[in-house]
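Residue numbers (the numbering used here), protein chains in the order written: chain W, 95 to 254; chain E, 137 to 702. Below is one structure, written out as structure tokens; the observations come after it.
Dropping the structure here:
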């Protein structure tokens with residue numbers, strides 16, 4: 095099962111490598127990892143997507159908690175949450191395909207951020223499923239390069 | 137405010153933390169700190185190899201329960217300490233290891249004797265620090281001691297750049313350490329305690345399975361009280377030996393790969409396994425799906441990651457072992473449903489069944505005329521020391537024979553590398569323990585292979601008057617691997633015969649120690665007696681039956697009931 099963990103950790107040198115070292119050392123997998131500082135510059139927030147059986151996820155959560163630099167670990171995929179990923183795609187855009195590319199990115203509410211005589215670079219944001227869909231559609235046209243940020247996620251606020 | 141040097145601050149802080157002795161080896165990056173040590177009454181023990189320094193600090197820590205401290209220089213000094221740091225980490229031993237580092241301006245520059253020791257030791261320390269701001273120096277050290285000694289203990293490394301140690305700082309006042317991200321939980325959840333106690337009330341075949349956590353939390357009295365109160369049999373892991381008296385009628389000895397028949401059978405038949413400060417290591421469980429298949433499992437451990445890591449636990453209690461056991465004992469004392477006599481009666485058939493197993497397959501070995509059996513040597517060491525010596529071991533057959541045949545009745549009497557299995561641990565650890573308790577008899581039970589891994593520490597023992605005794609069970613083999621080759625590799629003895637071994641008696645003399653040798657069974661007792669009576673470091677070289685094995689043995693990956701017996 096896919097799990098999205100949100101980890102608050104001290105913004106200190108080496109803190110991130112403690113987290114990644116834990117995953118490689120214990121054979122846990124990381125599908126994506128995204129990290130930046132929070133409102134408090136002393137604290138970073140790390141969104142980590144991993145896969146595993148319930149007992150593996152339990153171990154991951156506990157082992158993360160055990161790291162001295164880790165402040166809080168939340169498995170936000172246990173509740174309602176929003177996730178977003180951004181992707182930059184350089185896609186072939188020659189005379190005969192330009193209109194098609196523009197139509198596709200319009201459908202996905204993306205935008206063109208760089209133009210050359212033979213390609214467009216487009217920016218698209220959304221949950222992982224949307225990113226996958228846009229890649230699938232652009233692939234036959236010809237993707238030259240692709241850069242993904244990895245998922246960031248936030249728990250939804252309680253409705254009441 | 138008056139300013140002092142970083143080195144002065146470090147020494148002052150060590151004093152504040154109650155450090156009396158540190159083990160180390162100097163070098164360029166720590167020379168300021170060594171200079172300052174001369175102005176201090178902290179005893180510095182110069183070792184002969186940095187691995188020895190950290191093992192000695194570890195032996196000191198295990199014997200006393202205090203934090204052991206080692207001081208190493210940068211680069212190779214630090215890397216030489218890594219095996220010993222990992223040893224302490226695997227057995228949760230509180231250490232503070234101070235390493236020198238090149239000046240901050242040179243870090244990352246491939247400077248002379250520079251290594252990223254914080255990076256290297258990240259997975260084998262509880263936590264580690266590089267102090268880059270002199271103003272953080274003292275607070276960092278205080279945190280290091282706090283982290284090492286609280287919660288699940290462990291080694292903490294503090295890397296000290298040379299310019300930080302040389303800088304002038306204001307010594308901050310001592311205040312209580314509070315770390316936002318580290319708040320170990322000591323008190324058990326009362327509901328869980330009650331659940332555990334009720335499970336015990338309903339059990340017919342309970343087994344107490346105790347590990348190193350009992351020693352670390354000084355819970356031996358509480359374990360004994362519980363076992364006797366409910367009349368449950370007790371088995372110990374290697375790290376738990378001494379946590380419950382080995383000569384008690386309720387003791388089944390060690391369990392696992394080289395555990396007793398009774399201990400392994402009892403776990404397999406048990407309906408309630410009460411694990412205390414143990415972590416279901418593969419050497420204990422054997423094939424996981426066949427481990428305690430009929431038992432509900434209670435697991436008391438201070439580290440939540442230990443719970444349900446290998447074996448699913450029914451009643452977890454995250455707490456300090458001692459406090460949790462105290463609460464359980466109190467629950468039974470208050471509970472109207474508990475009656476000690478009834479509990480004893482309820483468990484009588486179970487204890488009888490265990491007694492049958494013990495009678496049928498006791499720990500034993502076959503005598504072979506005059507030839508010295510290693511088990512006999514350990515038995516005689518046990519007898520002649522009244523079971524009250526501090527025993528360290530190396531790793532391999534020597535370690536298992538020591539664990540099986542020395543009756544550890546008190547905690548902190550067996551110092552051994554359990555988790556990592558580090559050959560070369562025993563001698564330096566013995567030195568650390570002997571310096572902590574100069575009046576105690578400290579014996580390293582060793583093999584001819586592993587003793588050579590840190591044999592240089594004989595000079596340390598001599599220099600500092602740590603009059604330890606070393607009993608080498610000498611079979612001229614790397615015996616444990618040879619045993620596996622005999623049993624599972626068709627007797628193909630690849631790289632296990634030690635074709636050249638020093639003359640240990642002469643070697644002892646070369647170090648100014650005393651060397652004794654026994655070649656026949658009747659020489660064993662006189663040699664041990666002489667060694668114990670000798671006021672010096674002594675090596676006893678016991679020439680043992682070359683191909684003696686350690687039994688029972690559960691082959692790796694088999695169920696613990698599938699034991700090969702003597």
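Just so you know, even glycine gets a beta-carbon here, dropped at the ideal spot from N, CA and C.
- Going by DSSP, residue 318 of chain E is part of no beta strand (DSSP E) at all; its letter is neither H nor E.
- Of the other Cβ atoms in all chains shown, fewer than 16 fall within 10 Å of the Cβ of residue 190 of chain W; this residue is therefore exposed.
- Exposure of residue 326 of chain E is indicated by the presence of fewer than 16 other C-beta atoms within 10 angstroms of its C-beta.
- Counting along the chain, residue 238 of chain W sits inside the beta strand (DSSP E) bounded by residues 237-242.
- Here DSSP, grouped into helix, strand and coil, assigns residue 446 of chain E to coil.
- Among the bridge pairs identified by DSSP, residue 217 of chain W is matched with W:182, W:205.
- Residue-level contact check: residue 150 of chain W does not touch chain E, since none of the beta carbons of chain E fall below 7 Å from its beta carbon.
- Taking a C-beta cut-off of 9 Å against chain E, the contacting residues of the stretch 157-176 of chain W are 157, 159, 160, 161, 162, 163, 164, 165, 166, listed in chain order.
- The C-beta separation of residue 449 of chain E from residue 421 of chain E comes to about 13 Å, leaving the pair out of contact by the 8 Å criterion.
- By the criterion of at least three beta-carbon pairs nearer than 8 Å, the stretch 389-404 of chain E is not in contact with the stretch 354-368 of chain E.
- Check the Cα spacing between residue 316 of chain E and each of W:181, W:163, W:143, W:173: the tightest is with W:163.
- Residue 489 of chain E: member of the alpha helix (DSSP H) spanning 476-496, first to last residue.
- Check the Cα spacing between residue 292 of chain E and each of E:311, E:302, E:329, E:253: the tightest is with E:253.
- Those residues of the stretch 317-338 of chain E placed with their C-beta closer than 9 Å to a C-beta in chain W are 317, 318, ordered along the chain.
- Here the stretch 157-170 of chain E does not lie against the stretch 235-254 of chain W, with fewer than 3 beta-carbon pairs under 8 Å apart.
- Segment contact: the stretch 272-279 of chain E against the stretch 229-242 of chain W, fewer than three CB-CB distances shorter than 8 Å; contact not assigned.
- The beta carbons of residue 403 of chain E and residue 380 of chain E sit no closer together than 7 Å.
- Listed along chain E are 258, 259, each with a C-beta nearer than 8 Å to that of residue 115 of chain W.
- Rounded to the nearest whole angstrom, the CA to CA distance from residue 642 of chain E to residue 691 of chain E is 38 Å.
- Beta bridge pairing from DSSP links residue 177 of chain W with W:247.
- For residue 400 of chain E, the uninterrupted alpha helix (DSSP H) segment begins and ends at 397-405.
- Across the stretch 380-408 of chain E, no CB contact with chain W closer than 7 Å is found for any residue.
- Going by DSSP, residue 432 of chain E is part of no alpha helix (DSSP H) but of the beta strand (DSSP E) stretching over 432-437.
- When DSSP states are grouped into helix, strand and coil, residue 464 of chain E belongs to the helix group.
- Counting only runs that start and end inside the stretch 98-129 of chain W, the alpha helix (DSSP H) elements of at least 4 residues fall at 109-119.
- Contact annotation: the stretch 583-600 of chain E touches the stretch 530-542 of chain E, with at least three C-beta pairs closer than 8 Å.
- Residue 631 of chain E and residue 618 of chain E have their C-alpha atoms spaced approximately 9 Å apart.
- Closer than 7 Å to the CB of residue 119 of chain W there is at least one CB belonging to chain E.
- In its chain, beyond the 5 residues on either side, 543, 545 have a beta carbon closer than 7 Å to the beta carbon of residue 383 of chain E.
- With 16 or more other Cβ atoms from the protein chains shown falling within 10 Å of its own Cβ, residue 236 of chain E counts as buried.
- For residue 159 of chain E, the enclosing beta strand (DSSP E) stretches over residues 157-160.
- For the pair of segments examined, the stretch 245-260 of chain E was found to touch the stretch 206-214 of chain E: the number of CB pairs separated by less than 8 Å reaches three.
- By the 16-neighbour rule on beta-carbons within 10 angstroms, residue 135 of chain W is exposed.
- Residue range 674-679 is occupied by the beta strand (DSSP E) that includes residue 678 of chain E.
- When C-beta atoms of the stretch 676-690 of chain E are compared with those of the stretch 603-614 of chain E, three or more pairs fall below 8 Å, so the two segments count as touching.
- Taking a Cβ-Cβ threshold of 9 Å, the residues of chain W close to residue 441 of chain E are 153, 156, 157, 159, 160, in chain order.
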